[in-house]
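Taken in order, the sequence shown gives residues 38 to 254; the numbers are from our numbering. So the structure is just underneath, and the comments pick up after that.
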Amino acid sequence: MGATIMMPGESPTPNERTRPRGVGGCDFLTDPSRSATETALFWLPTASPDVITILALPDGLSDRPPVSLERLDHRRDAPDGVHLLLGGVHQLFSLDGTIEPPLGLVLPLDDWLPASVAATLALWRTLRGRPPAEARAPTRQRRARLVLGLRALDGRDAGASYRELASGLVGPARVPDGPAWKSHDLRFRMMRLVADASALRDGGYRDLLRPNPRSLR
Numbered sequence: 038m039g040a041t042i043m044m045p046g047e048s049p050t051p052n053e054r055t056r057p058r059g060v061g062g063c064d065f066l067t068d069p070s071r072s073a074t075e076t077a078l079f080w081l082p083t084a085s086p087d088v089i090t091i092l093a094l095p096d097g098l099s100d101r102p103p104v105s106l107e108r109l110d111h112r113r114d115a116p117d118g119v120h121l122l123l124g125g126v127h128q129l130f131s132l133d134g135t136i137e138p139p140l141g142l143v144l145p146l147d148d149w150l151p152a153s154v155a156a157t158l159a160l161w162r163t164l165r166g167r168p169p170a171e172a173r174a175p176t177r178q179r180r181a182r183l184v185l186g187l188r189a190l191d192g193r194d195a196g197a198s199y200r201e202l203a204s205g206l207v208g209p210a211r212v213p214d215g216p217a218w219k220s221h222d223l224r225f226r227m228m229r230l231v232a233d234a235s236a237l238r239d240g241g242y243r244d245l246l247r248p249n250p251r252s253l254r
């Protein structure tokens with residue numbers, strides 16, 4: 038499987054690029070023939086509190102039996118350190134390249150600390166074979182709106198009007214005819230969906246990786 042480190046604002050090196058055969062001279066960060074579920078994405082610790090930073094534990098800081106990393110799904114050696122995926126859920130970043138016990142953690146003392154601690158405890162539960170805690174994830178309603186927004190954006194980029202978007206997404210029976218459409222709530226809803234999805238496409242998707250500010254108060 039492929040593995041990609043997402044570094045906002047930084048381009049991949051030539052060795053990290055994939056050039057599809059017979060498609061001009063365009064380079065891609067990952068193999069475009071693979072689906073999203075076949076590609077391992079690595080985020081930097083600055084992008085998400087769910088990325089756990091580890092390093093070799095200095096001598097004398099613990100006399101407890103160390104915990105070993107098991108079920109590593111992906112490993113990516115990079116100039117900044119070693120990126121790991123464990124159990125298909127947990128992402129770790131080894132600052133000094135060490136992945137053998139004893140290991141320590143780096144938890145920045147910032148406003149993401151509660152979310153970072155939650156991610157660390159979730160990893161600990163996995164390593165101990167305990168059932169996972171409740172995951173921090175968008176609600177079902179939020180996920181449904183995200184999907185609807187991306188569908189609306191795809192349609193808009195393909196040249197569909199807002200009326201056509203509404204007809205395709207909610208059904209033609211709910212779309213009013215004539216001048217009533219211009220002031221109808223459904224039209225403004227389509228406009229908001231496209232605007233929100235455009236913001237996600239233009240970099241706002243990284244906000245999905247971050248904790249809700251209200252949960253940090």
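All C-beta atoms, glycine included, are put in the ideal place defined by N, C-alpha and C. Only a predicted model underlies this, so the values are computations on that prediction, with no experimental measurement involved.
Verify whether the separation of the beta carbon atoms of residue 212 and residue 204 is less than 8 Å. Contact flag set, yes.
Rounded C-alpha distance that separates residue 90 from residue 130: In a straight line, the C-alpha of residue 90 is about 5 Å away from that of residue 130.
For my contact list, residue 226 and residue 218 are in at a C-beta cut-off of 8 Å; report their separation, rounded to the angstrom. Wrong, their Cβ atoms sit about 12 Å apart, outside the cutoff.
Compute the distance between the beta-carbons of residue 100 and residue 156, then report whether it is under 8 Å. no
Nearest to residue 147 (by Cα), restricted to the options 234, 83 and 243: 83
Tell me which same chain residues have a C-beta within less than 6 Å of the C-beta of residue 186, skipping the five on either side of it? 230, 233 and 234
For the candidate residues 182, 153, 118 and 111, whose alpha-carbon lies nearest to that of residue 247? Looking from the CA of residue 247, the closest CA among 182, 153, 118 and 111 belongs to 153.
On the criterion of 16 or more Cβ atoms from any shown chain inside 10 Å, does residue 242 qualify as buried, or is it exposed? Residue burial is scored here from C-beta neighbours: residue 242 has fewer than 16 other C-beta atoms within 10 angstroms and is therefore classed as exposed.
Whole beta strand (DSSP E) runs in the stretch 96–167 with 3 or more residues, listed along the chain? 109–115, 118–123, 127–131 and 140–143
Quick check on the burial criterion: 16 or more other C-beta atoms within 10 angstroms. Buried or exposed for residue 193? buried
From the DSSP secondary-structure annotation, give me the bridge partner or partners of residue 92. 141
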